[in-house]
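Here is the structure we will look at, set down as structure tokens.
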Amino acid sequence: MEGFMLLSMLSLAMFFGSYLAGSVPLAMTFSESKLRFVSIFGAGLLVGTALAVIIPEGVQSIYEAETETHNHQYHKEAEHILEESAKQPPFNPPRIPPKEAQINQLP
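Residues in the sequence shown are numbered from 1 upward in steps of one, following the working numbering.
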């Protein structure tokens with residue numbers, strides 16, 4: 001539940017920050033340079049809060065995938081399969097000559 005609350009709080013902060021940054025130019029009259037600054041600030045806030053959610057989730061999924069591959073039971077099963085396949089004789093399929101081939105008959 002702790003992760004859900006953090007995600008909810010970050011999402012709400014991103015929503016309100018973006019909404020406020022987007023509504024400031026509508027409420028006041030700015031010069032073009034200040035309007036550009038406010039727009040860049042709002043976009044930066046949106047991207048920054050999105051990355052605050054995406055990067056930790058990506059790192060967490062990488063660590064989870066890494067711990068799954070280091071399970072010793074999988075290594076033992078793979079070792080058993082390799083040992084069993086080494087004990088069996090190699091499979092040599094029968095040779096089938098092409099239809100056009102001329103087969104020399106022994107007298």
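The C-beta atom is built at its ideal place from N, Cα and C for all residues, glycine as well.
Please read these numbers as outputs of a predicted model, since none were measured by experiment.
Status (buried if at least 16 other CB within 10 Å, exposed otherwise) for residue i
{"i": "residue 3", "result": "exposed"}
For residue i, the three-state DSSP class (helix, strand or coil)
{"i": "residue 36", "result": "helix"}
{"i": "residue 100", "result": "coil"}
{"i": "residue 29", "result": "coil"}
{"i": "residue 90", "result": "coil"}
*asked:* For the structure I just gave you, are there three or more beta carbon pairs, one from the stretch 9-18 and one from the stretch 42-59, closer than 8 Å?
replied: yes
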